Each structure stands twice: as C-alpha cells, then as structure tokens.
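Residue numbers (my numbering), protein chains in the order written: chain D, 122 to 233; chain P, 3 to 922. Note that CB positions come from ideal geometry on N, CA and C, so glycine has one too. Everything numeric in this text was worked out from a predicted model, so none of it was measured.
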Amino acid sequence: MKRAFLGELEEVVLLTVAALQESAYCASITQTIDQQMGRDISFPTVHKTLQRLEEKGFVSSLMGGATAERGGRQKRLFTVTAAGQRALMECRLVRAQLWEQIPTPVLQLWGV
Amino acid sequence: MGRLINDDERFPKPSNRPPRWWFGIPTEWLLIHFCPEGLEDELQGDMMEMYTYWLQTLGVSKARWRYTLAVLRLIRPFARFKAKRKNDYIHSLLFQPAMLPNYFKIAFRNLTRNKIYAFINVLGLAFGICACLVIYLIVRYEFSFDNFHEDRDRIYCVDTMVFGGHWNCVPGPMPAAVRREMTGIQTVAAYQTYSASVTIPGDKYGKSKRFDDDGSLAIVEPQYFDIFHYQWLSGNATSLTMPNSVVLTAERAKKYFGNLDPDKIIGRNIYYQDSLIVRVTGVVADWTGNSDYNFSQWISYATIPASFLQRDITLDSWDNLNRSSQVMIKLANDVKPSQIDAQFIPFGKRHYGSKPGFSAQLKPLSSSHFHQEYGGTARKASLPVLYTLMAVAGFILVLAIVNFVNLSTAQSMQRAREIGVRKVLGGSSPSIAVQFFSETLLLTVAAVILAALMVIPVMNMFADLIPKGVHFQIDSATLLFLLLVTVLTTFLAGFYPAKVLGKYQPAITLKGITTSSESGKGTLRRGLIVFQFTISLVFIIASFVIGSQLRYVLHADLGFKTDAIITLGGLRNTSMGNSFIGSDKTKRRQQANAETGKIAVLANKIQQIVGVEQVIRQWKSPMDRMHSGFGGGGLKNSNEKPIDISFHFGNEDYVPFYAMKVIAGRNLLPNEEGKEVLISETCAHALGFADVSKAIGRELVASPVDVYPIAGVVSDFYENSFHEASWPIVIRHDPAKENIIAVKIASKGMVAGELKTLIDKIEKEWKVIFPEKTFAYSFLDDSIASMYADDLRTERLTNVAMGITVFISCLGLLGLAIFSTERRTREIGIRKVLGASVPGIMVMLCKEIVLLILIALLIASPLAWYLMQGWLQGFAYRTTLSGWIFVGAGAAAIGIALLTVGFQAMKAAMADPVKSLRTE
Chain D
122 MKRAFLGELE
132 EVVLLTVAAL
142 QESAYCASIT
152 QTIDQQMGRD
162 ISFPTVHKTL
172 QRLEEKGFVS
182 SLMGGATAER
192 GGRQKRLFTV
202 TAAGQRALME
212 CRLVRAQLWE
222 QIPTPVLQLW
232 GV
Chain P
3 MGRLINDDER
13 FPKPSNRPPR
23 WWFGIPTEWL
33 LIHFCPEGLE
43 DELQGDMMEM
53 YTYWLQTLGV
63 SKARWRYTLA
73 VLRLIRPFAR
83 FKAKRKNDYI
93 HSLLFQPAML
103 PNYFKIAFRN
113 LTRNKIYAFI
123 NVLGLAFGIC
133 ACLVIYLIVR
143 YEFSFDNFHE
153 DRDRIYCVDT
163 MVFGGHWNCV
173 PGPMPAAVRR
183 EMTGIQTVAA
193 YQTYSASVTI
203 PGDKYGKSKR
213 FDDDGSLAIV
223 EPQYFDIFHY
233 QWLSGNATSL
243 TMPNSVVLTA
253 ERAKKYFGNL
263 DPDKIIGRNI
273 YYQDSLIVRV
283 TGVVADWTGN
293 SDYNFSQWIS
303 YATIPASFLQ
313 RDITLDSWDN
323 LNRSSQVMIK
333 LANDVKPSQI
343 DAQFIPFGKR
353 HYGSKPGFSA
363 QLKPLSSSHF
373 HQEYGGTARK
383 ASLPVLYTLM
393 AVAGFILVLA
403 IVNFVNLSTA
413 QSMQRAREIG
423 VRKVLGGSSP
433 SIAVQFFSET
443 LLLTVAAVIL
453 AALMVIPVMN
463 MFADLIPKGV
473 HFQIDSATLL
483 FLLLVTVLTT
493 FLAGFYPAKV
503 LGKYQPAITL
513 KGITTSSESG
523 KGTLRRGLIV
533 FQFTISLVFI
543 IASFVIGSQL
553 RYVLHADLGF
563 KTDAIITLGG
573 LRNTSMGNSF
583 IGSDKTKRRQ
593 QANAETGKIA
603 VLANKIQQIV
613 GVEQVIRQWK
623 SPMDRMHSGF
633 GGGGLKNSNE
643 KPIDISFHFG
653 NEDYVPFYAM
663 KVIAGRNLLP
673 NEEGKEVLIS
683 ETCAHALGFA
693 DVSKAIGREL
703 VASPVDVYPI
713 AGVVSDFYEN
723 SFHEASWPIV
733 IRHDPAKENI
743 IAVKIASKGM
753 VAGELKTLID
763 KIEKEWKVIF
773 PEKTFAYSFL
783 DDSIASMYAD
793 DLRTERLTNV
803 AMGITVFISC
813 LGLLGLAIFS
823 TERRTREIGI
833 RKVLGASVPG
843 IMVMLCKEIV
853 LLILIALLIA
863 SPLAWYLMQG
873 WLQGFAYRTT
883 LSGWIFVGAG
893 AAAIGIALLT
903 VGFQAMKAAM
913 ADPVKSLRTE
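Here it is in structure tokens:
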C-alpha cells in the first residue's frame, strides 16, 4: 500500500490551509497555528513547509489581493488540491482506526 | 514610557514598520536583495504582517529579534533552492550520465589542442603530487615504528635523568630495584645494548666465519620476551636464565649457520669478541613490522656476572652510569603511568639520598622513536622535521593547485562560446560544472600516474635525505592516499573554474563578448601569483639564510688549524661503546693505563712514516662532540661565583699542532705531567681578568681536589659545534686520558694515491699494535662538517623545496604569459603600428609581473625573517640576517620570472604587426 507521506508539521499546515479556506496565506497560517495550537512556530518554517507541500502537489497557489497592512504587496493564497484532500482524509482514517482499536474500558478510564 | 501599542490606534505608524537595521544587520536590504527569485512580493508582504502580529503578541524587542531571524532564514544562501515550479522539464539537475563520454571526449580534444597548457598543468601537478607522495611515504614510515606489539599501550620506556642530564640509559641496578620496590608493574626487563664482533667456529671441514658488529646485539633478561612477543621456532625464553646462552632470529641464524633446521642450530657455539663463548638455545621468527628494538641476537643477562662483561657493565653501583643499560616496563592492566611516576620520587630519594639530580618518568613506547633522550640509540626521527615536511608537502600541492586554477581561468575565455552553446542546448550550470570537474579529473589522474612513475627515480636521487626503510610499493594505504589526493586536487582545482564557467550567460558569450567580467578574474589571478611567489620567496630566503649560515659555520676561523689532520678512531669503541659518568673512575683509569703505553708506541711508529709531519696524542680534537666539563671552576681562595670550565687534554705539542696562539705567558713545558694548565682568553675573562696576562701564575681550581697554576693563555677557539657556545677552556696534560692519535700530514700538494699509501702504512702499524681492533680514521675537517650533518640535510631539503616551488610557480607564470600575450596580440600589433619599440612593449608586458613579485616580497620578507630567526636561534654563533638577503631573493625571483616570461614577451614584441592585425 503506497501512500503519499505526510509529515506531522505538513499535516498541521495542510489542515490549517483547509480551515482558513480563502484567506490561507503564509502569514495567516503561521498566526493561526500560533494562536490556536499554542505552538511556537517560526514563519520561515511554515513558508518552507508550504513550498514543500506545493512541490508534492497537495496545495496549489495563486497570487491574491494586496491590502494596505502589507504595504500594498500581493499575497500567495493557497488552496488544498484533490490530492491534498485525499491525503488529509487518509490521515484521519488511519487515526480513527487506531482510536477504535483502543479498548473501551481504557477509554473510559481516560474519561473520554 | 508606556506600552508602544495602544488599542485606539492599532498600528501606530512609526512602530509597525519593520526595523531596517537590527544590531548592524541591514534586514530590509537583505530581504529585498537576497530574496529567492519570484517570491519578493509575497515574502515582503507576509513579513510585514508577521511583524505587526509579533509586535502585538510579543513586544517590540522580541518582535525585532524574530523578524531578523526570519529574514536571515528566508534569504538566498540559506533558503531552499528555488522551487521547481517553473522548470519542471529538467529532471536531473546535476548531470546526465549519457553526457560523460562527451565530456571526456571534449576534454581530451581540448588538451590535445592546447598541448603546452596541458603539459604545464600536468607537469606542475605531477611534481606537486610526487613531492607529496614521497613525503607521505616518509611520514608513514616514521610513524609505523613499534605499532604492532601486543599490549603496546602498556609498554613503557623510562626517561631517566641522572647527574642533571638525560643520558638515554638507566643506572645498572635500577631495573632490579624497580622490580623489588614498585607496585603496579607487570613486567620489568633490563637489557644492555652491546657491540662485538662475531665468530662462528668452523666444523672439521669448514673455516670459521667472522662478522663485524652491526648493532643487532643485546644482552637481555628473559622477561624481555614477555614484553616483546616473538614466535619461538625452537627453544623458549626460560633458556635465557642460564649464563652463556644466546637466542637468534631465524634470519640471523641463517646468516650464521646457513639453511639449517632451527632445532639443529640449538647447541651450536658462537664467539663474541673472540672471548665470550655462548651456546644457541633458541630461535625466534623475525618481526615483520618496523621497530627500534630490532635486535636479532640476545645474550642472556646471566652471562654478565659470569664473564669479563662484568668489568664493563656495572650492575651494582648507582653512581656509575653505563650508556648501554636500558629498561623496558610493561604495566599491569588499568595502571596509569602517572602512578608509577609518583613512585619514582621516593625511589630516587632511597637510592640517591639527599643528592639531587635523579628523576625518572615513564614514556610510552610509541613515542620513543621521536625522542633522543630515552628508548635506546636506534635512529630517531624528529617530529618538528616531520611536521615541517608535511607543511612543505601541503604548500607544494597547494601551489600546483593554484597553478591549475590560474591556467584554467586564463583559458576559460576560449571556452566561453562552447559553454554558451551547451547552455542553449539545455545544459544547466551544475552540468557544466560537472563537465569541468571531469576535465580536471582527467588531468589529475594523468598527473597522479606521472607522479607515481616519477617516485622511484626521485627517491633514488634524494636517497641521502630519505630514511633507508622507505620504499614505494603499491599497497592499499598508498592507493588510498593517491585516491584522496586525486579527489582533493580535483575538487580544489576544479571548483573555481567550474563555478565561474558554469555562470556564463549564453546570451552574452554567444555574441562574442568575453571580457565583461575580465577585471574580477584578473584580480584573482594576480592574487594567486602573489600567493605562489610569496611561498617561493619564503623558500628562496630560507635557502639563502641557511646557506649563508652554513658557509659561516663551515668556513669561519675556528681559532685552530683543521686541514691535513687525520684523527685515528676506533679506540673509543674498544669495549662497549659506553662511557662512565660519575665519580668512581679508578677502574677505568687502570685499564686506560694499560692502553696508554701501546698508544705511545703506536704514535712513535707513525711519526717515523715518511709524509707524516707531526703526531700527537690527545683526548679529543679541539672541536668535537665529546665534552668534559666541571661546574665549579675558579681561582684558589676566591669567593666569586664558580664558572663552568671545559677540559682539553694534550701535552706541550697540542697548542702548536693545531696552530693556536699563545697570547700571554708560555706554552706547557715538555715532560711535565699535569702540573700546569693553559686557559683560553674567555676563561681568563670569566675568571675576572680584564688583562689576560694578569692570570699567569694564579692557581686554578679545576676539580673538587686539584689546583693548577696557570702557565699561559691561548686565544679563543671554538670547541663545540656552532649550535652551542664554547665554554671557558682549560688545556691540561694527562697521559692517561690521551688515547686518541692525531696525525698531521706533511705536504699540501699530496695526490690522492700518495695519501692512500700513507694511510695504508698507518693502518699497517695499527694492525701490528692493535690486531684485534678495526682501524678507522677521519679527517678533522670532515668530522667537523659531520657535526652539521643535520643542518646540511636541512639545507638540501630547503633547496629542494625551493627548487620545486620556484619551478611550479614559474610553470604557472609561463602558462599565464603565453595566454596573456596571445590575447594581447592585436593590441601589441596596434601599438607597434603606432610606433612602440620592441623594448617598450617588453617592458609593458613584464612590468606587471615585476610589480606582483615585489608585493610578494613585501609579504614574504617578514614571514621568512620570523621563521629564519627561529631557526638561527638554534645556533650560538650566527650570521646576521642582512637586508641584502631579502633584496637578493627578490632579485633572484624577479630574474627567474623574467627569464620565464621574457621569451614569450620577446616573441610577442618581435611579431610582425601586419600578421597579428590581419588575424580576425
């Protein structure tokens, strides 16, 4: 079974792209991860991850509108491609399978 | 100051702007100029937003820090290669294997087209690699000593200091005492080096065989074989507990007894020095590795007390020091040498009492090959020399590589069009780099092969500079070294051309404009030439300085006559080649007396030979390695600080024989034994006499008990090699010590044949009186020169290094001159048409080189001065480093360089302008 490999960081970034939809560009993605996951992540790391995701074909990009707060400069907006969707769903499936394999008493013990 | 951010105005103007500078880092400029291509807009915008975000969440200082860090990670050299989204059609960036044959084909064509270029490049590299290879072989050989023993990290030598000096030996009773008194040692083995002639008695048919000493003989305790492991072919180590037994190696046994089975050799007799009869009790296999302990015949230690050897080897006195006594120690597991060193302090106190001057330290076996002061008297290597050699090898290789780079970039103009075509047809700049690397590889492999072919002749040529055991053979380590050199050279030499050529823009080069970036590369080439000539000049200056110092050393007026004087040697090797150090000399003196009579007879006989002008008996020549000193010299009843004095022994003939000058008082009187002394001028000054004649008649304390009146003062002469200062000298007559004969030969214009017959006659007389001793002689000036053997080697080595560096530099220069004159052919033509003269053009072509060498001289002079000053510190008497040496070196370098380029320049200047202008 061959599957496009998705690293943990790539998964997080890809999920954020999916969550942000139209307003997914590098700065907003970094800020979202920073705020929502409480995860100290550096801008260049996200930038590189996005480039890598694009090389792998999980996201596609196009140049979008400029705003005043960014000095009138364009942003690169990302959207999840079909391959990206598949990869994300596969990830979720694998995790769900593993969750299901945890015996119920254990889950009850955890208070889930 | 309040917070920088307030809620009313979300983005206060001055502070939401990202910092232009952060601790000297021009962040904005970096982001604008080094942004990955195509991403400028989005990154700058994103970074601006991120900065605002950080300002809000983290505060201004952290925001600035984050911002700068992010910028540094985003800009070009650190960011990933440009995303491939725009040129997906290039699949393999680095190289296409299918192109390799083409690369080699083009490289080969290029080399055959530019034969001179290829020749210079390969030859320069080959010389560099050859020098490296030879030095590698030497270094590998020197570091291969004694690294094959089992438990070698537990085997130690003892560096003993007795009577204030390192004598490379230990007191005779020390090994036994160490074994008795110290803990933590697994094995102690005492051994004595011994030299003796060997006689193998013949059986009833054969004649007896005789062998001269070859330094392979040792007297050892059986424990020696517990420390050093041998494979026993017959017998075992316990046989060495008995007196008069000897163990041989297989090779030695073969030499003595022919191809006999080892078991049959057991029980055969060997006579050492015609008087020590021993029986072979064991045969061991030879070691295959290099070792300083490569004895091949071991006599049992128990033989010493049971034979005449006890006269020569004292095993019971702590005050007598045999230079032959050695000890080898193997520590128990997990014992540190420092634990033993600590035990040596009370050990010294126990055996030497309050007398200071004894100390001992364990030294690892592996280091004994590099230290004169312990571990036996085998040929030692000098670590500084080895490190210098390695540095020289490195420099020479770097020079050759620099040459290569220089020539490749000079030639790159001609390749520009080819590169343009390649790029247009789809070659990427990495693939062009691969092409040039493969070209470099081709040349390097050719050079390595040439170097490997040259190694053996080169090693023969410099055989006297290379230790005997160094051989060139192709083995895995040598191949690995050559592979390493090839890879390194290819990479270093190919890197710059590959990078520069790969960057050519096809649009520009195809138009035929190749001089766009001319100035930059010109600077690099000039820099490399300056670098090469700096190194060459350092070697030239070093060579000049060493040469002038050695001329000074060898031709200085030593204060005595050295020519036509023969010293008869061999006497000193009579018994053991060991000298006694200490106070108990009685035994020695008796023995000497027996010999003194014989020597007097011999001296008389030699005196009667025709052609001999004068014969004297002496203890040593005025300048000699031997030295006998006394540290408590002074005037009788004087309370001044005692001075060091050095003794020379001879009778009234000593001073006139060596043509020394008596400047005050008179010479010693004949037939008067040791009542009076002569002192040197320095000695008189040291005793406190400004006017040397005042010293006459005063009494000199020259030993703890003896006092001598001073009869005269001789002018100073040098008594040591120039490395050490002369001590104040005292000349005294003591017949017991004077057991060396010096012969002055009468005529100056003696032909070599006559000299030979004269020496034969002397040898005949010698054989009559000392039939058992080998006759050896040396000319005084030769033996003085031999004191500088190391320096003469250094001189030759420096000269060779100088030759190679100058040669390589000139090759590079020649290549460059050829290319630059070729490129300027048309310019020269135009100049000539406009009236320039041939000399004018030659000056134009050469003046830059002269300038470059002058710059190199400016850099090299202080460097060389510093290095040579260090070398000269090793001499007590030295020439001054005059400025003329530096001027001379510069002139020589310029001269050689002009000779190299002059022919090219002349050819270019003489060329017919019509021809050169027509070429288009």
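Going by DSSP, what residue range makes up the beta strand (DSSP E) through residue i?
i	result
residue 156/D	Taken as a continuous stretch (DSSP letters only), residue 156/D belongs to no beta strand (DSSP E), being part of the alpha helix (DSSP H) at 147-157.
residue 70/P	Looking at the DSSP string, residue 70/P is not in any beta strand (DSSP E); the run it does join, the alpha helix (DSSP H), is 62-76.
residue 341/P	Note, residue 341/P: premise wrong, no beta strand (DSSP E); alpha helix (DSSP H) at 339-354.
residue 1/P	This structure does not reach residue 1/P, given that chain P is present from 3 up to 922, and the question cannot be answered.
residue 650/P	645-651
residue 225/P	Taken as a continuous stretch (DSSP letters only), residue 225/P belongs to no beta strand (DSSP E), as it is neither H nor E.
residue 213/P	211-213
residue 615/P	614-620
residue 200/P	200-202
What would DSSP say about residue i, mapped onto helix, strand or coil?
i	result
residue 480/P	helix
residue 591/P	Any reading at residue 591/P must be qualified, since the residue scores a pLDDT of 39, below 50, and its modelled position is unreliable; no value is offered.
residue 161/P	strand
residue 218/D	helix
residue 268/P	coil
residue 155/P	helix
residue 926/P	Here chain P has residues from 3 to 922 only, and residue 926/P is not among them.
residue 755/P	helix
residue 909/P	helix
residue 173/D	helix
residue 844/P	helix
residue 379/P	coil
residue 121/P	helix
residue 632/P	strand
residue 53/P	helix
residue 373/P	coil
residue 172/P	coil
Mind listing the chain D neighbours of residue i? Cutoff is C-beta to C-beta under 8 Å, in chain order.
i	result
residue 506/P	The premise fails here: residue 506/P is roughly 29 Å from chain D at the closest Cβ pair, so nothing lies under 8 Å.
Interface residues of chain P around residue i at Cβ under 9 Å?
i	result
residue 202/D	Neighbours of residue 202/D on chain P: none; closest Cβ ~13 Å, over 9 Å.
residue 160/D	The contacting residues do not exist; residue 160/D stays about 13 Å from chain P at best.
Could you check whether the Cβ of residue i sits closer than 7 Å to any heavy atom belonging to the ligand SAM?
i	result
residue 667/P	Here there are no bound small molecules, and the ligand SAM is not part of this structure.
In the DSSP assignment, find the unbroken alpha helix (DSSP H) run with residue i in it and report its ends.
i	result
residue 441/P	431-463
How would you list, in chain order, the residues of chain D whose beta-carbon sits under 7 Å from the beta-carbon of residue i?
i	result
residue 2/P	This structure cannot speak to residue 2/P, because chain P is shown only from 3 to 922.
residue 54/P	190
residue 75/P	165
residue 945/P	A question about residue 945/P goes unanswered here, because the residues of chain P that appear run from 3 up to 922.
residue 51/P	148, 190, 191
Could you name the residues of chain D that residue i contacts, counting a contact when the two beta carbons are closer than 9 Å?
i	result
residue 72/P	163, 164, 165, 168
residue 30/P	Here the premise fails: no neighbours, minimum Cβ distance about 11 Å.
Using a Cβ-Cβ distance cut-off of 8 Å, determine whether residue i contacts chain B.
i	result
residue 61/P	Of the chains in the structure shown, none is chain B; the protein chains are D and P.
Quiz item: Is the stretch 147-158 of chain P touching the stretch 287-306 of chain P in the sense that three or more CB pairs, one from each, lie closer than 8 Å?
Solution: yes
Quiz item: Is the stretch 466-482 of chain P close to the stretch 134-143 of chain P, with three or more CB pairs under 8 Å?
Solution: yes
Practice problem: Enumerate, from N- to C-terminal direction, the unbroken beta strand (DSSP E) stretches of 3 or more residues contained entirely within the stretch 182-213 of chain D. | Solution: 196-201
Quiz item: What residue ranges within the stretch 759-802 of chain P form continuous beta strand (DSSP E) runs of no fewer than 3 residues, ordered along the chain?
Solution: 778-781
Quiz item: Which ranges does the alpha helix (DSSP H) cover as unbroken runs of at least 4 residues, wholly within the stretch 272-321 of chain P, from first to last along the chain?
Solution: 311-314
Exercise. Flag this pair as touching only if the stretch 489-497 of chain P and the stretch 437-455 of chain P have three or more C-beta atom pairs under 8 Å; answer yes or no.
Key: yes
Exercise. Could you tell me which uninterrupted alpha helix (DSSP H) segments, each at least 4 residues in length, are contained entirely in the stretch 663-718 of chain P, listed from first to last along the chain?
Key: 683-688
Exercise. Please confirm if the stretch 535-545 of chain P is in contact with the stretch 853-867 of chain P, defined as three or more CB-CB distances below 8 Å between the two stretches.
Key: yes
Quiz item: Any chance the stretch 541-561 of chain P sits against the stretch 790-805 of chain P, with 3 or more Cβ pairs inside 8 Å?
Solution: yes
Quiz item: Do the stretch 250-266 of chain P and the stretch 308-325 of chain P make contact, defined as three or more Cβ pairs closer than 8 Å?
Solution: no
Quiz item: Okay, do the stretch 274-284 of chain P and the stretch 231-251 of chain P touch, 3+ Cβ pairs below 8 Å being the bar?
Solution: yes
Practice problem: Flag this pair as touching only if the stretch 113-126 of chain P and the stretch 332-345 of chain P have three or more C-beta atom pairs under 8 Å; answer yes or no. | Solution: no
Practice problem: Tell me, please, whether the stretch 812-825 of chain P touches the stretch 879-887 of chain P by the rule of three or more beta-carbon pairs shorter than 8 Å. | Solution: no
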